[in-house]
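Residue 48 in numbering that gives the first Met the number 0 is what sits at position 49 of the sequence shown, and the numbering runs on without skipping anything.
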Amino acid sequence: MEEIYKPIWVSIIGNVLLAVLKLIVGFLYSSIALISDGVHSLSDVVTSLIGYAGIKISSKPPDKSHPFGHSRFEPLVAFLIGEALIVVAYEIGRDSLMRLLHGETIEVNGLMLGVTVVSILAKELMFRYSVHVGRKLNSQILIADAYHHRSDVLSSVAVLIGLGAQKLGFQHGDSLAGLVVSVFLVKVALEIILENVGYLTGKAPSFEVCEEIKKRALSVPNVLGVHDLRAHYVGSKLHVELHIEVPPELSLKEAHDISEEVKRRIEEIPEVDRAFVHVDIKGLT
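Rendered as structure tokens:
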């Protein structure tokens, strides 16, 4: 199995197991908090399946309908995951506010607390694994899915605090913690959405990346200058266009070979997918 798919399958299997565990204990002891958290875990299975589909589509080679490949599907799916986080944040905030207003209480036992602790530990491990692989492979889907795991950690922490507080006699502990978590989730979701809007709309790379592109082009012998550098994201990868200046005494073949070497060196940059190099004669531009 390719490395990029492993975190997705870990997410799907882990969330199914956690959801079943939470729902069984939740229904057994009539715990609204655990039932809600279990449904939350089931919703993560859906987003992980969407993420899997997004990775499969974005990795397809170019075709007639998408001559530059399908890489924009990856930030599109990551954007949708960000939208899903907004919905989750709303649901947590709404449920927390309703519990706060109605003063709902439950009887807490050690099994309920134990299930919540297991959920926190499992989801944190899933978060760290997904974000590690996502950053390593520059996969926005995995990174977005990782922060969905982190949202689950915070959700379960809120449940744990709430259950613990209620066990100690403070009946509104879970509601207040849930409201704090929902605000944090909105922040994370907006960061994911804004980041991937940039990828979808063809934003330019950072100044540092542009300087690295120029440096690599100028490192090729007989490249006397670089100008009209333009680069933009197509999905999570860059397409680069630039003009290089070469001496006038070079033959057409020599100039072509230089442009191919510039193209090769620029495309060695991990973020770059394609480079388009135009050759200008020094003194004639």
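Just so you know, even glycine gets a beta-carbon here, dropped at the ideal spot from N, CA and C.
- Across the set Y51, E259, K281, the C-alpha of Y51 shows the shortest separation from the C-alpha of I7.
- Where K59 is concerned, there is no enclosing alpha helix (DSSP H), because DSSP gives it neither an H nor an E.
- Bounds of the beta strand (DSSP E) holding K236 are 236-245.
- DSSP, read as helix, strand or coil, puts G109 in helix.
- Between the beta-carbon of S129 and that of D144 there is about 6 Å, and that keeps the pair under the 8 Å contact cut.
- Within the stretch 124-161, no complete alpha helix (DSSP H) segment of 4 residues or longer occurs.
- Close CB contacts of L110 within its chain, under the 8 Å cut and outside five residues either way in sequence, are with V24, Y28 (chain order).
- Residues A230, H231 of the same chain have their beta carbon placed closer than 7 Å to that of A203, with the five preceding and five following residues left out of the count.
- Under the 8 Å Cβ criterion, the stretch 76-96 does not count as touching the stretch 130-137, having fewer than three qualifying pairs.
- Between I257 and V239, the beta carbon gap of about 16 Å keeps them out of contact (Cβ cut-off 8 Å).
- Contact check for L112 against L175 fails: the beta carbons are separated by 8 Å or more.
- Between A77 and I140, the C-beta spacing is below 8 Å.
- Put simply, of R273, V9, V38 the residue whose alpha carbon is nearest the alpha carbon of L22 is V38.
- Per the C-alpha coordinates, the member of S40, L193, L237, E90 positioned closest to M125 is S40.
- G13 is not a Cβ neighbour of A157, given a cutoff of 8 Å.
- Rounded to whole angstroms, the separation of the alpha carbons of Y146 and F275 is 35 Å.
- Annotated three-state conformation of H255 is helix, per DSSP.
- In the DSSP assignment, the residues bridged to F275 are E240.
- DSSP places L228 in the strand class (E or B) of the three-state scheme.
- When beta bridges are read from the DSSP output, V233 appears opposite K236.
- Counting the other CB atoms within 10 Å of its CB gives Y89 a total below 16, which places it among the exposed residues.
- Here the C-alpha atom of S47 lies approximately 20 Å from the C-alpha atom of I34.
- Between H255 and H277, the CB-CB gap reaches or exceeds 8 Å.
- C-alpha of L251 to C-alpha of K135: approximately 40 Å in a straight line.
- In the DSSP annotation of this structure, the continuous segment of the alpha helix (DSSP H) that includes I12 starts and ends at 5-27.
- With fewer than 16 other beta carbons inside 10 angstroms of its own, N137 counts as exposed.
- Annotation for I212: the continuous alpha helix (DSSP H) segment containing it runs 206-217.
- Going by DSSP, V87 is part of the alpha helix (DSSP H) stretching over 72-101.
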